[in-house]
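Reading through the structure tokens given below for one structure.
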Amino acid sequence: MQYPHLFAPGKIGKCSIRNRVVMPPMATNLGSAFGEVTPELLAYYRRRAQGGVGLIIVENAQVDMFQGRSLTAQIAVDSDKFLPGLRALAEVIHAEGAKTFLQIQHGGRQCTPSTTDGLQPVAPSPVPCKFLGVMPRALTKEEIRELVEKFAQAALRARLAGFDGVEVHAAHGYLLNEFLSPYTNKRDDEYGGSFENRLRFLLEILARIKELVGEDFVVGVRLSVEEFVPGGLTLAESQEIARALEASGVDYISASCGIYESVSTIIEPMNFAEGWRAHLARGIKEVVSCPVIAVGVIRHPEVAERILAEGHADFVAIGRGLIADPDWAKKAAWGREREINHCISCNVGCIGELFANGKVRCAVNPWAGRELFFDERARAPERKRVVVVGGGPGGMTAALVAAQRGHEVHLFEKEKALGGQLRFAARAPHKEKLLWFVEYFEEMLPKTGVSVHLGSEATPETVLALKPQAVIVASGGTPVIPEFSSLDPSFACTAWDVLRGSVVLEEKDVVVVGGGVVGCEVALFLAERGNRVTLVEMLSHLAVDAEVITRIELLKALGASSVHVMTSTRCMDVEGRRVVYLCDADPRTSELHPEYIVFAMGTQPNRALFDALSGKVQELFLIGDAREPRKIFHAVYEGALAATQV
Ligand SMILES: Cc1cc2nc3c(=O)[nH]c(=O)nc-3n(C[C@H](O)[C@H](O)[C@H](O)COP(=O)(O)O)c2cc1C
Ligand code: SF4
Numbered sequence: 016m017q018y019p020h021l022f023a024p025g026k027i028g029k030c031s032i033r034n035r036v037v038m039p040p041m042a043t044n045l046g047s048a049f050g051e052v053t054p055e056l057l058a059y060y061r062r063r064a065q066g067g068v069g070l071i072i073v074e075n076a077q078v079d080m081f082q083g084r085s086l087t088a089q090i091a092v093d094s095d096k097f098l099p100g101l102r103a104l105a106e107v108i109h110a111e112g113a114k115t116f117l118q119i120q121h122g123g124r125q126c127t128p129s130t131t132d133g134l135q136p137v138a139p140s141p142v143p144c145k146f147l148g149v150m151p152r153a154l155t156k157e158e159i160r161e162l163v164e165k166f167a168q169a170a171l172r173a174r175l176a177g178f179d180g181v182e183v184h185a186a187h188g189y190l191l192n193e194f195l196s197p198y199t200n201k202r203d204d205e206y207g208g209s210f211e212n213r214l215r216f217l218l219e220i221l222a223r224i225k226e227l228v229g230e231d232f233v234v235g236v237r238l239s240v241e242e243f244v245p246g247g248l249t250l251a252e253s254q255e256i257a258r259a260l261e262a263s264g265v266d267y268i269s270a271s272c273g274i275y276e277s278v279s280t281i282i283e284p285m286n287f288a289e290g291w292r293a294h295l296a297r298g299i300k301e302v303v304s305c306p307v308i309a310v311g312v313i314r315h316p317e318v319a320e321r322i323l324a325e326g327h328a329d330f331v332a333i334g335r336g337l338i339a340d341p342d343w344a345k346k347a348a349w350g351r352e353r354e355i356n357h358c359i360s361c362n363v364g365c366i367g368e369l370f371a372n373g374k375v376r377c378a379v380n381p382w383a384g385r386e387l388f389f390d391e392r393a394r395a396p397e398r399k400r401v402v403v404v405g406g407g408p409g410g411m412t413a414a415l416v417a418a419q420r421g422h423e424v425h426l427f428e429k430e431k432a433l434g435g436q437l438r439f440a441a442r443a444p445h446k447e448k449l450l451w452f453v454e455y456f457e458e459m460l461p462k463t464g465v466s467v468h469l470g471s472e473a474t475p476e477t478v479l480a481l482k483p484q485a486v487i488v489a490s491g492g493t494p495v496i497p498e499f500s501s502l503d504p505s506f507a508c509t510a511w512d513v514l515r516g517s518v519v520l521e522e523k524d525v526v527v528v529g530g531g532v533v534g535c536e537v538a539l540f541l542a543e544r545g546n547r548v549t550l551v552e553m554l555s556h557l558a559v560d561a562e563v564i565t566r567i568e569l570l571k572a573l574g575a576s577s578v579h580v581m582t583s584t585r586c587m588d589v590e591g592r593r594v595v596y597l598c599d600a601d602p603r604t605s606e607l608h609p610e611y612i613v614f615a616m617g618t619q620p621n622r623a624l625f626d627a628l629s630g631k632v633q634e635l636f637l638i639g640d641a642r643e644p645r646k647i648f649h650a651v652y653e654g655a656l657a658a659t660q661v
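Start counting the sequence shown at 16; every next residue gets the next number (the working numbering).
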């Protein structure tokens, strides 16, 4: 066995677990509007349990549907009416050999009136969350007593529903975390102030849970052991908290970090390195003897194995990695780790969709959250010859899914390597994880029998010569170059040219026109190479097309860089090296005189091949940027959708 620590059986409390791979709680918004478990949710968890994880800690179940909801379709555990659904959930997970705990949560000040039906959120003290900007009110002591009982009754229901344990959510800035932290707890009664007082609420909850559930039911706590806000909890104080929790009888501690105001540390975007916070788990493990779970950008089995082997933790949580590839554990156990479809930390499909009040999805796994409706392993009724044009994310997905459904598939890519835009997008600062997705297809396409024709620009003739029954056109987009009066190509190029390396700029005065994600990234890329960069954006804000958490980090990086930013500034004309612009605040035009101009003004679809093939093949699909320029997330879904229709 290549990963002896990862696949060693483990134990938490009295619960035996088949290996050390834990799926941490991750909200899906797949519940009903009234908090019930839905068939979609069952299918989602069944699929993940089938993938071989040892333990699934089911997402944050709400202990107070009226006051504590942090999502609109969060599952709930505050009434016996939820027992049948929760029982079904525990059963589907157990049926696949995994153990399961239920996380129980109250959102505290990190709720908004849109999730609490207009109620003002509650907290230890009236300290608003800067991320959400909503002023909470302080809980009364009577309400605190009621909540102790609500948490305990929720734990009892988890037990009655057949779960093996509960995880009390005291992390990520939600209610119980708020009580623990001096950053959010400003009370002057017995629930605030001193360390003991801040801990009191959580300890009362744990004591009451133990009274109700008995000894053989696992009770764990998730902590944000570093809050990463000034005056917030640090590892040193969290070690004291962990000691107190162990003394109170908790069976494990899940060592997470961050609150909404430091959200990039909770659900890290691409710029965070793999396993970067394993030291936090280690810090807790050093002071307790109960099992500790590590989490945070653990993507490759060898990284997970190392965290365990080096004694940082007893279990590793693979969160988004299991949204992206539910079979992560099986593939690692069987020595097929090169077949793992790794999470690339884009945050677009999972938390990005949740922030937009959608359901869990994934940019690299088109089936995530849709397991009930698509059977990814179903074969097509008839084998057909399918031609896919374009080896970007959409085309590669279409080719793989079509091949997995039993079709004969030919994939044409005009470049000498697969990946399309992913290849050079990965050259922007901290975007190298994008290449994992390309490597996945490089492994899987040949394995599934796809004929990959690299360096082959498909024409209507070459496509039709193969006599395909279906053609999927994923020919991508071309960067937009605006029509200015006298653009001199010797001084101007596109962001793609820069990232691709076909234009190399160093130590130059450069104007980047367009401050969307690509413009911001190329500006940083150029600044890193010693260029003096001015970034011109007509909107009042940069990177408005970025996913929320990714944007926070991108703007931070820009702020820390030498890039000079001009927002609310419209590029009116370019003549040679002269850039004429107009600021919203000034009716007169002004000029910049850079040595080079880089355009990052979006792309336009390449649909010529699709148009030429129209009416000439039985089934013809247009997907991804060739249909309309958007994100990897959309291209991948459309690739899968087209392939399932063939
Ligand atoms: C979509 C999504 C929902 C999440 N919901 C929860 C949750 O309900 N409770 C919780 O404790 N953590 C939640 N998290 C945090 C994860 O459990 C995990 O700590 C985090 O994603 C980092 O681990 P990873 O890099 O393996 O994904 C969520 C993360 C994501 C991506
Ligand atoms: S959407 Fe992106 S961050 Fe989320 S699980 Fe999928 S690849 Fe990972």
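For each residue, glycine too, the CB sits at the ideal point set by N, CA and C.
Nearest CA to the CA of residue i: which residue from the options?
| i | options | result |
| --- | --- | --- |
| residue 248 | 221, 210, 262 | 210 |
| residue 329 | 34, 545, 459, 524 | 34 |
| residue 269 | 108, 386, 372, 72 | 72 |
| residue 540 | 441, 634, 240 | 441 |
| residue 620 | 636, 629, 640, 609 | 640 |
| residue 351 | 61, 114, 123, 459 | 459 |
| residue 449 | 362, 320, 426 | 362 |
| residue 131 | 164, 113, 83, 121 | 83 |
| residue 354 | 378, 314, 368 | 314 |
| residue 471 | 499, 447, 430 | 430 |
| residue 333 | 232, 375, 289, 326 | 289 |
| residue 632 | 360, 483, 586 | 483 |
| residue 30 | 579, 267, 590 | 267 |
| residue 246 | 605, 559, 563, 277 | 277 |
| residue 119 | 100, 184, 522 | 184 |
| residue 142 | 199, 46, 521 | 199 |
| residue 591 | 327, 348, 501 | 501 |
| residue 77 | 587, 317, 95 | 95 |
| residue 567 | 603, 303, 280 | 280 |
| residue 305 | 496, 257, 292, 569 | 257 |
| residue 574 | 364, 548, 553, 307 | 548 |
Using the Cβ count rule (16 or more neighbours within 10 Å means buried), how would you classify residue i?
| i | result |
| --- | --- |
| residue 486 | buried |
| residue 166 | buried |
| residue 372 | exposed |
| residue 556 | exposed |
| residue 262 | exposed |
| residue 527 | buried |
| residue 658 | buried |
| residue 349 | exposed |
| residue 16 | exposed |
| residue 629 | exposed |
| residue 490 | buried |
| residue 335 | buried |
| residue 497 | exposed |
What is the C-beta distance between residue i and residue j, in whole angstroms, given that I count them as a contact (C-beta under 8 Å)?
| i | j | result |
| --- | --- | --- |
| residue 240 | residue 253 | 4 Å |
| residue 634 | residue 661 | 6 Å |
| residue 408 | residue 437 | 6 Å |
| residue 322 | residue 331 | 6 Å |
| residue 42 | residue 369 | 6 Å |
| residue 283 | residue 360 | 6 Å |
- prompt: Does the count of Cβ pairs from the region 474 to 481 and the region 446 to 466 closer than 8 Å reach three?
  reply: no
| task | Mind listing, in chain order, the continuous alpha helix (DSSP H) runs of no fewer than 4 residues lying wholly within the region 333 to 397? | result | 335 to 339, 343 to 348, 366 to 370
Practice item. Could you pull out every unbroken alpha helix (DSSP H) segment of at least 4 residues lying fully inside the region 599 to 657, listed in chain order? Key: 623 to 628
Note down, one range per segment and in chain order, each beta strand (DSSP E) of at least 3 residues found wholly within the region 304 to 328. 307 to 309
- [ ] Specify whether the region 39 to 58 and the region 88 to 96 touch according to this definition: at least 3 beta carbon pairs, one from each stretch, less than 8 Å apart.
- [x] yes
Hey, which unbroken runs of the alpha helix (DSSP H) at 4 residues or more fall wholly within the region 189 to 216?
190 to 195
Could you check whether the region 599 to 613 touches the region 526 to 543, counting it as contact only if at least three pairs of C-beta atoms, one from each stretch, sit closer than 8 Å? yes
Practice problem: Please list the segments of the beta strand (DSSP E) lying wholly inside the region 448 to 491, counting only runs of 3 or more residues, in order along the chain. | Solution: 466 to 469, 485 to 488
ask   = Does the pairing of the region 64 to 81 with the region 94 to 114 give three or more beta-carbon distances under 8 Å?
value = yes
At a cut of 8 Å, does the region 21 to 28 reach the region 285 to 304 through at least three beta carbon pairs?
no
Practice prompt. Jot down the residue ranges of each uninterrupted beta strand (DSSP E) in the region 539 to 600, minimum 3 residues, whole runs only, in chain order.
Written response: 547 to 551, 579 to 581, 584 to 590, 593 to 598
Practice problem: Decide if the region 595 to 609 is in contact with the region 365 to 383; the criterion is three or more beta carbon pairs, one per stretch, under 8 Å apart. | Solution: no
Uninterrupted alpha helix (DSSP H) stretches inside the region 92 to 168 (no shorter than 4 residues) = 98 to 110
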